[in-house]
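Notes follow the structure.
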Amino acid sequence: MRGLLLGLLVALMVLPALAEVPAIPRFRIVGAAEGLPSTMITAIAQDRAGYLWMTTTDGLVRYDGAEFKVWRNDPTDRYSLRSNALQAMYIDDQDRIWLALAGAGLAMLSADRSKFTAYLPGDVPALSMGDIYAIAGRGDEIWLGMSTGNVLRLDAKGNFSSLDLARMEDPLDPNPVYALALDDRERMWIGTLGGLAYFDGLALHRVRPDGDASGINALQWVGQRLWTSSDTGLRYMDASGGWHTPTWASMFAAGNRVWTVADAGDGEFWLGTEQGLWHTRAGHPPTPVNNGDEPLVSNRHVTTIWRSPHGGIWVPLHGRGLAYLREDWRRTAAFKQVNDQGKGISCSLAPATRSGGLWQFDSSGRLLRYDTSSGALVQTGVQHPDLREMEVASTLEDSRGQLWLGNARHVLSRLDMATGELTHFTGDGPAEAVLWIGEPGDGTVWTAFEQVIQRRDLATGRVLETISPNELHGLKEFPYYQISMGPDGRVWISATGGVYAWHADTHRFMLVPGLDVDFIQRFVVKDRKRIWLYMAGSIERWEQRDGVWKQVSRIRAAEGFPAMDAYGLELDALGRVWMSGPRGLWRIDPRTTPAKIRSFSARDGLTSQEFSRHCLLMSNNGVLVGGTADGFTLLIDTNAPDVPSFTPQMRLEAVSVQHGDRRRALPIGGGFSLVPSDRQLRINMRLLSFIDPMANRYRTRLKGFDNDWVEHGAAGMREFSSLPPGNYVLEMQGVDPLGNASQVQSLQFSVLPPWWRSDVGIALICMIGLLLSALLAAAYRHRVRMRAQWQVAQHKRELAEQASLAKTRFLATLGHEVRTPMTGVLGMSELLLQTSLDARQQGYASAIQSAGKHLLRLVNDALDLARIEAGKLPLDNRDFDLRLLIGQAVELVRPSAEQKQLAFECALDDALPPALHGDASRVQQILLNLLFNAVKFTERGGVQLRVSALPQSPAQGIRVEVCDTGPGMSAEQRGRLFQRFEQAEGALTLARHGGSGLGLAICRELAAAMGGAVSVDSELGQGACFVVELPLRWVTTLPAAAPAPARAVAARDQAPLQLLLVEDDPTVAQVIVGLLQTRGHQVTHVLHGLAALAEVSTRRFDAGLCDLDLPGLDGAALVAQMRARGVRFPIVAVTARADADAEPQAMVAGCNGFLRKPVTGELLASALARVLADAADSPGDSAVG
């Protein structure tokens, strides 16, 4: 009895695992669109890194799940393949790839994949016997099956040896060797068209399977079986050495010979034959493999199959590409219904509750049952014509064996499956299909429409109650999200405000305590106390405690599933939540923390990622059934185990950096250094998991830079625009769609600092800093020294300026003080010369006058020099007539030259302009100085004046040359000629010719002030030639001539005038009065301003003369007051001032003329004539004081 109970318990434990779905494989095919270069694939293998390698008739191909890389013959590369046509491949223990080249011998690709080593028939005599058809290995040896029937062996030292199959005890005739296989006893099996043999390391042995000596087309070890294919069919040898012939072996004789065998993982096998791919089935003959409901390959050879270590298989399809079948392909099946009643819009699933499977209707109206385990359609014998075109929207197989059908044509129908009677319920509800049908177990059946819910009698179908959203039935509004049976056996409905339960006693829906939460889209019952809810963004588990439902846990969308509308929600036997929606199917396993979430999409065998609404249900045997928008029905065995976890390999595909204008490849092993100018470091990763390469996810973390892992999704690339200097370790990891994570890969590299931040740079900067500090200290000391020197120099300059200013003031004061007595000296001498004197007295008076004039010139020169030194030499720049100015100078100098009987010549260049812009008086001063000097120092010969344009400055400037035939000068004399108070022969010159030695110095200073220069060319005894260059602007039109009234020209003929003289110096006043009286004028002299104001208020005057430096009220202020009182007669200012500001100030005050002391009678007469003429030309002026 105890054993019986134990057996029953074990049976109950394995029951969930018995659920299965029909074997309908769905392959993923990659072809030319994905980059596959050729579909003529002759061999497939996988290397240690996890890459998939394929030999084709157009080169060697490597596949990483996302991209294909091809190695082909390159005539310019001696290390490339010698031929693109490849026939066989073997990857040895050192991860080297050995390739058989059609007509070109053997090639080996190095483990680092950098170059090919060629074994050419011309270099290896053993290879010259024919082509290589098969390659295998044993330890360090490589075995080659030749087309000539020989087997070559290449040892680890690179030596070739041959096995002669014709020389063994039971010899084989020379036939091509198509297959080589090594068993676990280190025996090398050899299959030729002449038969089968093996080599045990010592000798060759002939084998005749079951006495059959037929030729071997294929030879393959799969597990503990050695499969052989011949023209008679398929056989295998077990581990004990016994041979077996399957009952269906003859299916694969000549015409459908087997080329390759692969393990299917469940005790069955995949067979690649002349007529495509086949699959063995326990107890049944093998069947051709379809891809879904279409043939995978028709009448095409499948010459090789590669089964990955995790169960997935790769199958080359000639003309189409490379097909891949996932390891877990048996979990999922999808089929098209016999008659798609719902057309993918509404849910047409009709679960067979009692017998299992699904109910279907064919086009004849027959009721069929679809076996979800085998895929078989079972006839029920029930048929009705109304079932042919019925568009089913909802179904229910009730407890009485009746099938309720919500449909568009008849609204609601009921099929009695025992009698075949079909009853329609039309006209007692809305004219639309029923969306849900349920049986609560109280003898009623519930039908739900969009806006109305009905309770019907289970036996008769009569409507017992119609429920609509109103206060009477407790519902606020429709539409509702879900209506189904709740954990308490009552009808639950999720609508606005929460989840409501039906209370039969009050005939109302009332809120379930605790579930008054809005937007509960779906709910699924686990048991009476536990449910799962889905709201947009989260899946929540709730438990009932003390009659109130409370949230226990929550899984948010951020943990791995999208926040979408849920179309269906179900629970499997393991407590996992399945959710369908518009983006596929999701499985949430809450048993782990965090919850393990997996998505199912088209790559898992789904025909469409979009599910129909309210079309997901869990069968009693654990098969999840769903309807997709394309009209297919999806079956998922929820009890099928997941693919065992494994650690996929992740590889670095490339590391590169932007270096200048090109991208530079870097070692994928790391250890490189980036210079500061490198940019855009790019790392490409590839997870070598082929389950669903496009769903692989990547993440990286740069230590010291990233705070946490950075997720990259399916993009296996990380790029850094720039990184600060330092040493870095980049950690990388990939995760496949099943959640299998690769080991963390590390890439170490460094970013070099700019040279100034490197150790050498820092040391250099420190040295430079120390040097700069020393230099700065020295510079500081030098600066302090220079500053002290500058301060001393500045102090000296200030003292010099002060001295110069004092000198200038002194000279100005001296000139002022000298001019006043000089007025008396020159004036008195002039008056004296106008009296009756004898000859001796006349000479004395003339000498006095000449000495006074000389003294006046000395004073003027000294004042000019003082102004130049002070930088206050004024230049009165205006347009002037050049020829007139030169003519005046010539007229002044010519008498002196004629007096000494010297020739005097003046030559003017025709190219000279009519006028220049500059200070005419200063230009004339320079000319007169040079000309008078030339006349003075020339005893015989002559003086020549030449004026021309500046040659280096067209249309600007003049060049004046004054040449004489005097004594000339030596170089030493020329060197000091322009120094102040210097003359050519010093004291001798002073004694012979007089002069102060300031004239030439003033000429040079005046020329420099005008931007020009004065130079001299002279040799002792050869005369001298002075050159003046003045860059004055040319003027093309002559300036307007100043008006010269006739009265001003005839100053001596003036009528007697009444004149007012304001002068505080009696001597000067006496001189001026005398000079004016000799010309017949009446002069009234006053000593100060008050007296002058008194005179003008009582007397009439024709003109006035006023000193500017008067005691008390100065001359300018006096004139201003006089003008303010209405005095209009012209006034001439007479002053001893030598400054340039004196004349403008006088004119501003109201003076009409200006004279500097000393004055002569002629100057006084001219000045009075000029101001009187101006007054006469000004209407309205009055002479009345």
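In terms of UniProt numbering, the sequence shown opens at residue 1 and continues consecutively. Glycine residues also receive a C-beta, built at the ideal position from the N, C-alpha and C atoms.
The beta carbons of Met685 and Met732 sit closer together than 8 Å.
When DSSP states are grouped into helix, strand and coil, Ser128 belongs to the helix group. The alpha helix (DSSP H) runs lying completely inside the stretch 906–984 and spanning 4 residues or more are 920–937 and 971–975, given in chain order. Scanning Trp549, Pro487, Arg508 and Thr506 for the CA closest to the CA of Leu515 turns up Trp549. Closest option to Leu606, judged by alpha-carbon separation, among Asn291, Trp53 and Met188: Asn291. Annotation for Ala418: Gly401 place their beta carbon closer than 8 Å to its own, counting only its chain and skipping 5 residues before and after. DSSP, read as helix, strand or coil, puts Glu391 in coil. If you look at Val893, you'll find it in the alpha helix (DSSP H) that goes Leu882 to Gln899.
Contact between Trp227 and Met188 is ruled out by a C-beta separation of about 16 Å, above the 8 Å threshold. Pairing Leu723 with Gln748, the inter-Cα distance amounts to about 14 Å.
Annotation for Gly149: Leu165, Ala166, Leu172, Asp173, Pro174, Asn175, Pro176, Val177, Thr192 and Gly194 place their beta carbon closer than 8 Å to its own, counting only its chain and skipping 5 residues before and after. For the pair Ala107 and Thr117, the CB atoms are nearer than the 8 Å cut-off. Contiguous alpha helix (DSSP H) elements confined to the stretch 519–564 do not occur, taking only those with 4 or more residues. Judged by DSSP in its simplified three-state form, Phe646 adopts coil rather than helix or strand. For Cys1025, the enclosing beta strand (DSSP E) has its first and last residue at Ala1024 to Val1035. For the pair Ala779 and Leu771, the Cα-to-Cα distance works out to about 12 Å.
Using a Cβ distance threshold of 8 Å, Leu928 and Leu892 count as a contacting pair. Counting C-beta pairs with one atom in each stretch, the stretch 371–383 and the stretch 665–675 have fewer than three that are closer than 8 Å, which means they do not touch. Residue pairing by DSSP places His410 in no beta bridge whatsoever. Annotated three-state conformation of Phe690 is coil, per DSSP.
Membership of Gly1115 in the alpha helix (DSSP H) is indicated by the continuous run Gly1115 to Ala1124. The beta strand (DSSP E) runs lying completely inside the UniProt domain "Response regulatory" (1058–1172) and spanning 3 residues or more are 1058–1062, 1082–1086, 1103–1107, 1131–1135 and 1153–1156, given in chain order.
Between Ala665 and Leu681, the alpha-carbon positions lie close to 10 Å from each other.
In the DSSP assignment, Glu719 falls within the unbroken beta strand (DSSP E) covering Met717 to Phe720. Note on geometry: alpha-carbon atoms of Ala459 and Gly489 lie some 20 Å from one another.
At a cut-off of 3 residues, the continuous stretches assigned as beta strand (DSSP E) that sit fully inside the stretch 466–513 are 482–485, 491–495, 498–503 and 508–511. Residue environment analysis places Phe519 among the exposed positions, since fewer than 16 neighbouring C-beta atoms fall within 10 angstroms of its C-beta. Burial check for Gln841: the Cβ neighbour count within 10 Å stays below 16, so the residue is exposed. Under the three-pair Cβ rule at 8 Å, the stretch 34–44 does not count as touching the stretch 633–640. For Ala1009, the enclosing alpha helix (DSSP H) has its first and last residue at Gly999 to Ala1009. Three or more Cβ pairs drawn from the stretch 931–941 and the stretch 900–918 lie within less than 8 Å of each other, which places the two stretches in contact. The alpha-carbon separation between Ser484 and Val289 amounts to approximately 41 Å.
Here His301 really is in contact with Glu274; their C-beta atoms are around 5 Å apart, less than 8 Å. With a minimum length of 3 residues, the unbroken runs of beta strand (DSSP E) contained wholly in the stretch 214–266 fall at 216–222, 225–230, 233–237 and 258–263.
Two segments are said to touch when three or more pairs of C-beta atoms, one from each, lie closer than 8 Å; by this definition the stretch 920–927 touches the stretch 878–891. Membership of Asn696 in any beta strand (DSSP E) is not indicated, and neither H nor E is assigned to it by DSSP.
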